[in-house]
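Residue numbers (full-length UniProt numbering): 1 to 398.
Here's the structure we're looking at; comments come further down.
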């Protein structure tokens with residue numbers, strides 16, 4: 001049998017024939033080509049009629065299907081053996097040892113080609129059976145259980161490799177997206193600069209022609225003998241350039257202000273549309289809610305009308321009572337203390353309890369600081385002296 005050192009040498013010799021760029025990986029579409037190169041390395045010292053295949057026909061069909069389905073899957077050199085074991089169902093070392101043998105790898109004539117063909121045939125049958133469903137009800141043997149466990153482990157390794165490759169591709173896609181954003185931003189900046197330069201060129205061109213025409217018409221041509229004033233012409237050119245530059249800056253600022261104004265108008269239109277929608281919604285809600293209690297609004301209207309009528313009646317009455325109170329106060333002020341003490345005839349309004357209370361209430365509230373009820377009471381109190389005051393105090397125990 002081949003030694004552990006010689007089996008990797010077969011892969012080391014065949015791998016550069018496919019990975020010509022020395023990238024360290026090949027695509028899955030080149031996987032059958034690598035198997036062919038491995039067959040050539042194994043059968044390098046055999047005659048044509050004794051050549052054997054590293055993988056059986058069934059295994060080659062599986063590899064071809066894998067290369068077709070996963071065309072751009074990267075197969076790294078260090079993962080080749082695990083992937084080979086997962087797809088074919090046989091380790092790469094066992095396949096090479098069965099097909100080559102120790103004598104073949106050492107240069108001796110092969111004598112076990114039939115055995116290798118039988119082994120390949122058995123391996124193909126086992127791989128074919130691994131992709132079919134067993135309908136028998138007999139319990140599996142320990143060998144089949146071990147092979148199933150091995151296939152599950154191989155599939156797990158393949159899935160792990162695929163996940164790693166998918167993660168790598170996702171990172172590449174994210175990097176490309178970031179690069180696309182950067183390039184898009186730079187392209188937008190270049191587009192803005194180009195538009196700015198185009199506007200500047202058009203502005204300068206449009207302003208240079210009228211100035212040149214006006215200058216030709218206004219400035220007379222000097223005589224042939226007189227030299228041209230170079231300094232004055234240069235100064236006029238500089239002045240014209242500065243004026244044109246300032247005009248262009250003003251035009252650019254005006255254009256930006258117009259753009260901002262259009263943006264503000266558009267936003268204001270959107271806000272007005274939103275406000276109209278909200279007011280319509282409120283109006284709809286109000287109409288829907290006010291349809292239920294119409295009596296409440298009618299009651300409020302009646303209360304407002306009653307309050308207005310009350311004000312219309314009370315204000316003139318208050319003015320009249322105020323004037324009347326002032327007149328009564330003035331009249332009472334002229335009445336001497338003796339007449340009050342002697343108990344003169346009461347006023348006509350004092351005969352009505354309601355008018356009397358209303359009169360004194362208005363006088364107390366609005367008569368502060370005026371010679372009204374307060375002064376009248378003080379006058380009457382001052383008049384209650386002598387025998388009447390003593391009798392009053394004795395009666396009430398004061």
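Ideal Cβ positions, reconstructed from N, Cα and C, are used throughout, including at glycine.
#1: If distances are taken between C-alpha atoms only, which option among 249, 154, 270 and 235 comes closest to residue 81?
#2: Between which two residues does the beta strand (DSSP E) harbouring residue 75 extend?
#3: Roughly how many angstroms separate the alpha carbons of residue 163 and residue 251, rounded to a whole number?
#4: So the alpha helix (DSSP H) residue 33 belongs to, where does it begin and stop?
#5: Going by the CB atoms, is the gap between residue 37 and residue 63 shorter than 9 Å?
#6: From residue 171 to residue 91, what does the alpha carbon distance come to, in whole angstroms?
#7: Can you check whether the CB of residue 57 is closer than 9 Å to the CB of residue 28?
#8: Given that a residue counts as buried once 16 or more other Cβ atoms are within 10 Å of its Cβ, and exposed if not, what is residue 53?
#9: Give every residue of the same chain whose Cβ lies closer than 7 Å to the Cβ of residue 200, excluding the five residues on either side of it in the sequence, and list them in chain order.
#10: Does the separation of the CB atoms of residue 15 and residue 93 fall below 9 Å?
#11: Run the proximity test for residue 202: is its beta-carbon closer than 8 Å to any non-hydrogen atom belonging to the ligand COA?
#12: Using a Cβ-Cβ cut-off of 8 Å (strictly less than) and excluding sequence neighbours within five positions of residue 72, which residues of its own chain qualify?
#13: Out of 99, 46, 32 and 40, which one is the CA nearest neighbour of residue 70?
#14: Under 8 Å Cβ to Cβ from residue 203, same chain only, skipping five residues before and after it: list those, please.
#15: By Cβ distance, which residues of its chain are closer than 8 Å to residue 22, with the 5 residues on each side in sequence left out?
#16: Starting from the C-beta of residue 132, find all residues in its chain whose C-beta is less than 8 Å away, skip the five residues before and the five after it, and write them out in chain order.
#17: Check the C-beta distance from residue 83 over to residue 152 and give it rounded, since I have them as a contact under 8 Å.
#18: From residue 166 to residue 187, what distance separates their C-alpha atoms?
#19: Looking at the unbroken alpha helix (DSSP H) that takes in residue 79, where does it start and where does it end?
#20: Going by the DSSP bridge assignment, what does residue 25 pair with across the sheet?
Reading off the structure:
#1: That would be 154, whose Cα lies nearest to the Cα of residue 81.
#2: Where residue 75 is concerned, the enclosing beta strand (DSSP E) stretches over 74-76.
#3: Straight-line measurement puts the Cα of residue 251 at about 59 Å from the Cα of residue 163.
#4: Unbroken alpha helix (DSSP H) run through residue 33: 31-42.
#5: Going by C-beta atoms, residue 63 is not nearer than 9 Å to residue 37.
#6: When rounded, the distance between both Cα atoms is 32 Å.
#7: It is not a contact, given that the beta carbons lie outside the stated cut-off.
#8: Taking every protein chain shown into account, the CB of residue 53 has 16 or more other CB atoms within 10 angstroms, so this residue is buried.
#9: Excluding residues within five positions, the ones whose Cβ falls inside 7 Å are 248.
#10: Contact check for residue 15 against residue 93 fails: the beta carbons are separated by 9 Å or more.
#11: What this structure holds is no ligand at all, so the ligand COA is not there to describe.
#12: Residues 27, 28 and 29 of the same chain have their beta carbon placed closer than 8 Å to that of residue 72, with the five preceding and five following residues left out of the count.
#13: Closest option to residue 70, Cα to Cα, is 32.
#14: Here the set comprises 244, 247, 248 and 251.
#15: 16.
#16: Reliability of the predicted coordinates at residue 132 is poor, the pLDDT of 44 falling under 50, and no value is obtained from them.
#17: So it is not a contact: roughly 15 Å between Cβ atoms.
#18: Their backbone Cα atoms lie some 31 Å apart in a straight line.
#19: Counting along the chain, residue 79 falls outside any alpha helix (DSSP H), and DSSP gives it neither H nor E.
#20: Its beta-bridge partners are 76.
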